[in-house]
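Visitor: In the numbering used here, the protein residues as written are 158 to 764.
My questions will all concern the structure given below.
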Amino acid sequence: MLLGSLLVLLLLGTAGTASAHAALESTDPADGSVLKSAPRTVTLTFSESVALLDDSFRVYDPDNRRVRTSSAHHAKDAGDTASVTLPAKLGTGTFTVAWRVVSADSHPVSGAFTFSIGKPSATTTPIATAPTEDPLTASLYDIARYFAYIAAALLIGTATFVALCRPPNPSVLNKPILMGWWTLLAATVVLLILRAPYEAGTGLATAFEPSAIPKTLTSRPGLALAARVLLIAATAFFLLRLRGRERFGRVALGTGAVLAVGLALTWASAEHASAGIQVPVAMTSAVLHLLAMSVWLGGLTALLTVLYRSPDLDAAPVARFSRLAFASVTVLVVTGVYQSWRGLGSWNALTGTSYGRILLVKLGAVVLLLAVAGWSRQRTGRMVGADVRLRVPELVRAGAATGADGAVTVSTGAGAGAGVGDGGDGEGASNPGDGSQEQDRGDGSQDRYRRGLRRSVLFEVGVGVVVLVITTLLTNTLPGRAAADAQQTATPAGIPAASVTMVPFRVGNAGGKVQITLDPGRVGLNSVEAVVYGPDGGFATVPELRLSFTLAAQKIGPLDADVKDEGGYWGTNSLNLPIAGTWTMKVTVRTTDVDQVSVSRQVRIVR
158 MLLGSLLVLL LLGTAGTASA HAALESTDPA DGSVLKSAPR TVTLTFSESV ALLDDSFRVY
218 DPDNRRVRTS SAHHAKDAGD TASVTLPAKL GTGTFTVAWR VVSADSHPVS GAFTFSIGKP
278 SATTTPIATA PTEDPLTASL YDIARYFAYI AAALLIGTAT FVALCRPPNP SVLNKPILMG
338 WWTLLAATVV LLILRAPYEA GTGLATAFEP SAIPKTLTSR PGLALAARVL LIAATAFFLL
398 RLRGRERFGR VALGTGAVLA VGLALTWASA EHASAGIQVP VAMTSAVLHL LAMSVWLGGL
458 TALLTVLYRS PDLDAAPVAR FSRLAFASVT VLVVTGVYQS WRGLGSWNAL TGTSYGRILL
518 VKLGAVVLLL AVAGWSRQRT GRMVGADVRL RVPELVRAGA ATGADGAVTV STGAGAGAGV
578 GDGGDGEGAS NPGDGSQEQD RGDGSQDRYR RGLRRSVLFE VGVGVVVLVI TTLLTNTLPG
638 RAAADAQQTA TPAGIPAASV TMVPFRVGNA GGKVQITLDP GRVGLNSVEA VVYGPDGGFA
698 TVPELRLSFT LAAQKIGPLD ADVKDEGGYW GTNSLNLPIA GTWTMKVTVR TTDVDQVSVS
758 RQVRIVR
């Protein structure tokens, strides 16, 4: 219960911070651009393939009226693009484009940008600065994803422990297997129901619309979830057929392995591994990683259960799981290194991206987990040794009893051989007493090692749950390689994009922000467009706006931009910035005859 409560708190605390994985690389028209004539299409290019929704694009005119557009489609059949056709006559002014798509790894991503025709104008359309989504829908969806991971580990790991480690009383593991199965089924059904509103960013009510499930089943994530439901049903039939067995043949083991691989594929086919570079290798690695994690963490839970509920447990199943866990850890390390390299792309991304920083936290938790696992392995070795010492006196007594009956004489040790061979009652009678004392010592030693193993395995399970939570957080975070690729391709080399700076200001109890665009944002002649927004995000008018630029490193400036009120925005086409570098832009906003404020921001000017 404590681990469950901790998990729920972690989920509720982190569900709102998830990041989508398709990074926007460019827009056409460019964000903040001013066009002489109306464009025929709006096209977005992403870092990976995206799926389109019915409402992927919403275009608003300067009066905040929605513009009628065509259905969203992929430009030139390129899966990493999204495009929409605009009407022939748009008019002039500033237009706002709001968009939402679903990345190849199943996560939705959204945003907004503006472009102007003729010249910028007043607009009351709010510009989104973060993905639009319903918080409750997103939180419940993420919680279901976490429970699905944990349930898969419990189901696959416990079943593997029963089949390969052969505990003496496997019936004590029926409850964990049932719990894992039911939890996985419930979590998957919830994910299937919530998939449509999660993609669209809408409330829970839309999940029960007649078109929601059919629409979900046309997408790759929806098909993966549907396949998981079918595999879960097949797993139930398979487990019922094997109920009560203590040994499993090759056919049963092979069928179980196929079902486990199939379940793992439903994750790999709809998350990080399905997009990016080396997709076949990445999906294979993801399947092996998930299975190894399940065998280890689920097997630990099974081991902990039998340690508490099977007092007659000997060391053999523990030793078998120790070898199985070592193989699982080896697979986890190899696949983990590959997936980390694939997700990061460079050493700088390890500390320079959210993905890299979360990965560092996971690596620290894994090191702790491996240390605890080593401690458990030592406990296992001592328990095996105690079990061997316990069995030797039993074999001695068995040999002595057989010799006394006169049927067979067995010599298993010096003391036992002497007693049986001499046939003397005195020495022969003393040996069972010695054996009983040795058994008492062996029982006490084994119980002590078993208690120590329980503690270490319990700690190992706790750390393992934390690692699993961090792993799931990683699947919700934009990989470092994708972030770096988006930054590199957003602006072609040698052709800098327009520089857009948002400068907030506050005068007394009033405030707002100024959006300043320098085009092209490089050495030489630049045009300046400054649009003032009020506290509600709508267009605002001010009696005076001044801009000046200073390059302190070269002792240049301040250069007055001499912007003029152009009716809706302040601008000029004659700002000359002669040298590349980081300039200080000073923005002075006068809101009344006596109230004004000055705010400075750094602006990078390139060659």
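C-beta: ideal position from N, C-alpha, C; glycine also.
Return the first residue and the last residue of the beta strand (DSSP E) that Tyr-690 is part of.
Guide: As a position in the sequence shown, residue 690 is number 533, starting the count at 1. Residues 681-690.
Visitor: Give me the residue from Ala-667, Val-688, Ala-208 with the minimum Cα distance to Val-657.
Guide: Looking up residue 657 in the sequence shown gives position 500. For the residues Ala-667, Val-688, Ala-208, the minimum Cα distance to Val-657 belongs to Val-688.
Visitor: Round the Cβ separation of Thr-184 and Thr-238 to the nearest angstrom and send it over; I've been treating them as touching at under 8 Å.
Guide: Position 27 of the sequence shown holds residue 184. Position 81 of the sequence shown holds residue 238. Not confirmed; about 11 Å, so no contact.
Visitor: Pull the bridge partners of Ile-673 from the DSSP assignment, please.
Guide: Position 516 of the sequence shown, counted from the first residue, corresponds to residue 673. Paired residues: Thr-658, Ala-687.
Visitor: Hey, quick one: how far does the beta strand (DSSP E) through Pro-715 stretch, first residue to last?
Guide: Position 558 of the sequence shown, counted from the first residue, corresponds to residue 715. Its beta strand (DSSP E) spans residues 713-717.
Visitor: Exposed or buried, Pro-378, counting other C-beta atoms within 10 Å across all chains shown (16 or more means buried)?
Guide: To locate residue 378, count along the sequence shown from 1; it is residue 221. Answer is buried; the Cβ neighbour count reaches 16.
Visitor: Quick one: what's Ile-762 bridged to in DSSP?
Guide: Indexing the sequence shown from 1 puts residue 762 at position 605. According to DSSP, Ile-762 bridges with Gly-738.
Visitor: Which full runs of the alpha helix (DSSP H) of 4+ residues lie inside the region 333-405, going along the chain?
Guide: Fully enclosed alpha helix (DSSP H) runs of 4 or longer: 369-373, 377-398.
Visitor: Please report the residue range of the beta strand (DSSP E) in which Trp-256 lies.
Guide: Within the sequence shown, the letter at position 99 stands for residue 256. 250-260 is the extent of the beta strand (DSSP E) around Trp-256.
Visitor: Let me check understanding here. Comparing Cα to Cα, which of Leu-516, Ile-736, His-231, Gly-691 lies closest to Leu-708?
Guide: Here residue 708 refers to the residue found at position 551 when the sequence shown is read from its first residue. Of Leu-516, Ile-736, His-231, Gly-691, the residue nearest in Cα terms is Ile-736.
Visitor: Any chance the region 324-335 sits against the region 367-381, with 3 or more Cβ pairs inside 8 Å?
Guide: no
Visitor: Mapping DSSP to helix, strand and coil, what is Lys-276?
Guide: Position 119 of the sequence shown, counted from the start, is the residue given in the question as residue 276. If DSSP states are grouped into helix, strand and coil, Lys-276 belongs with coil.
Visitor: Among Pro-700, Thr-741, Ser-426, which has the Cα closest to the Cα of Gly-724?
Guide: As a working note, residue 724 is residue 567 in the sequence shown. Checking every option, the nearest Cα to that of Gly-724 belongs to Pro-700.
Visitor: Looking at the secondary structure, which residues open and close the alpha helix (DSSP H) in which Ser-451 lies?
Guide: As a first step, residue 451 is located in the sequence shown; it is residue number 294 there, counting from the start. Element bounds for Ser-451: 436-466.
Visitor: Grouping DSSP H, G and I as helix and E and B as strand, with all else coil, what is Ala-179?
Guide: As a working note, residue 179 is residue 22 in the sequence shown. DSSP places Ala-179 in coil when its eight states are reduced to three.
Visitor: Tell whether a beta-carbon distance below 8 Å holds between Val-760 and Arg-679.
Guide: For the purposes of this step, residue 760 is taken as the residue at position 603 of the sequence shown. For the purposes of this step, residue 679 is taken as the residue at position 522 of the sequence shown. Taking 8 Å as the Cβ cut-off, Val-760 and Arg-679 do not qualify as a contacting pair.
Visitor: When the distance is taken between beta carbons, is Phe-270 closer than 8 Å to Val-216?
Guide: Counting from 1 along the sequence shown, the entry for residue 216 is found at position 59. Counting from 1 along the sequence shown, the entry for residue 270 is found at position 113. Contact: no.
Visitor: Sorted by chain position, which residues of the same chain lie with C-beta nearer than 6 Å to Trp-339's C-beta, five sequence neighbours on each side aside?
Guide: Taking the sequence shown and counting its residues from 1, the one referred to as residue 339 is at position 182. So the list is empty, once near-sequence residues are dropped.
Visitor: For Ala-697, which residues in the same chain have their Cβ closer than 8 Å to its Cβ, ignoring the five residues on either side in sequence?
Guide: Taking the sequence shown and counting its residues from 1, one reaches residue 697 at position 540. Contacts found: Gly-669, Val-689, Tyr-690, Gly-691.
Visitor: If you run the structure through DSSP and keep just helix, strand and coil, what is Gly-728?
Guide: One-based indexing of the sequence shown puts residue 728 at position 571. Strand.
Visitor: Could you tell me which residues DSSP pairs with Gly-268 in its beta bridges?
Guide: On the sequence shown, position 111 is the one that residue 268 refers to. In DSSP, Gly-268 forms a bridge with Trp-256.
Visitor: Using a Cβ-Cβ cutoff of less than 6 Å, which residues in the same chain neighbour Arg-747 once the five nearest sequence positions on both sides are dropped?
Guide: In the sequence shown, counting from the first residue as 1, residue 747 sits at position 590. For Arg-747, where only same-chain residues beyond five positions count, the Cβ hits under 6 Å are Pro-700, Glu-701, Gln-753.
Visitor: Since Ala-522 and Val-623 are thought to touch, with beta carbons under 8 Å apart, how far apart are those beta carbons, to the nearest angstrom?
Guide: Counted from its first residue, the sequence shown places residue 522 at position 365. Counted from its first residue, the sequence shown places residue 623 at position 466. Indeed, because the Cβ distance is near 6 Å, the residues count as touching under 8 Å.
Visitor: Express the C-alpha separation of Thr-226 and Thr-198 in angstroms, rounding to a whole number.
Guide: Locating residue 198 in the sequence shown gives position 41, counting from the first residue. Locating residue 226 in the sequence shown gives position 69, counting from the first residue. Near 9 Å, if we compare the C-alpha coordinates of Thr-226 and Thr-198.
Visitor: Kindly indicate which residue of Tyr-303, Leu-243, Ala-369, Val-444 has the alpha-carbon position closest to the one of Ala-425.
Guide: Indexing the sequence shown from 1 puts residue 425 at position 268. Ala-425 has its Cα closest to that of Val-444, out of Tyr-303, Leu-243, Ala-369, Val-444.
Visitor: With DSSP run on the structure shown, which of helix, strand or coil describes Arg-747?
Guide: Counting from 1 along the sequence shown, the entry for residue 747 is found at position 590. Here Arg-747 sits in strand by DSSP.
Visitor: Please state the DSSP three-state secondary structure of Gly-695.
Guide: Along the sequence shown, one-based indexing puts residue 695 at 538. Gly-695: coil per DSSP, three-state reduction.
Visitor: Just to confirm my understanding: we take Gly-455, look at its own chain, exclude 5 residues before and 5 after, and list those with CB closer than 6 Å. What are they?
Guide: By 1-based counting over the sequence shown, the position of residue 455 is 298. Ala-310, Leu-311, Ile-313, Gly-314, Thr-315.
Visitor: Tell me, to the nearest whole angstrom, how far the beta carbon of Ala-261 is from that of Val-207; I am working on the premise that it is less than 8 Å.
Guide: In the sequence shown, counting from the first residue as 1, residue 261 sits at position 104. In the sequence shown, counting from the first residue as 1, residue 207 sits at position 50. Right, the Cβ-Cβ distance comes to about 7 Å (below 8 Å), so this counts as a contact.
Visitor: Tell me the residue span of the beta strand (DSSP E) that contains Arg-703.
Guide: On the sequence shown, position 546 is the one that residue 703 refers to. Counting along the chain, the beta strand (DSSP E) containing Arg-703 begins and ends at 701-708.
Visitor: Which runs of the beta strand (DSSP E) fall wholly inside the region 191-231 and span at least 3 residues, in chain order?
Guide: Counting only unbroken stretches of 3 or more residues, the beta strand (DSSP E) elements lying wholly within the region 191-231 are 198-203, 207-217, in sequence order.
Visitor: In the DSSP assignment, find the alpha helix (DSSP H) that holds Val-415 and state where it starts and stops.
Guide: If you number the sequence shown from 1, residue 415 lands on position 258. In the DSSP annotation of this structure, the continuous segment of the alpha helix (DSSP H) that includes Val-415 starts and ends at 407-425.
Visitor: Are the CB atoms of Ala-459 and Ser-485 nearer to each other than 8 Å?
Guide: Against the sequence shown, residue 459 aligns to sequence position 302. Against the sequence shown, residue 485 aligns to sequence position 328. Between Ala-459 and Ser-485, the C-beta gap is not smaller than 8 Å, which leaves the two residues out of contact.
Visitor: So the candidates are Gly-714, His-231, Arg-499; which of them puts its Cα closest to the Cα of Asp-242?
Guide: The sequence position of residue 242 within the sequence shown is 85, counting from 1. With the sequence shown as reference, residue 242 is identified as Thr, and Asp is not the correct amino acid for it. Comparing Cα-Cα distances from Thr-242 to each of Gly-714, His-231, Arg-499, the minimum goes to His-231.
Visitor: Could you give the DSSP three-state label for Ala-667: helix, strand or coil?
Guide: Taking the first residue of the sequence shown as position 1, residue 667 is located at position 510. Residue state, collapsed to three classes: strand.
Visitor: Nearest-angstrom Cα distance between Gly-406 and Val-518?
Guide: Taking the first residue of the sequence shown as 1, we reach residue 406 at position 249. Taking the first residue of the sequence shown as 1, we reach residue 518 at position 361. Spanning the alpha carbons of Gly-406 and Val-518 requires a straight line of approximately 42 Å.
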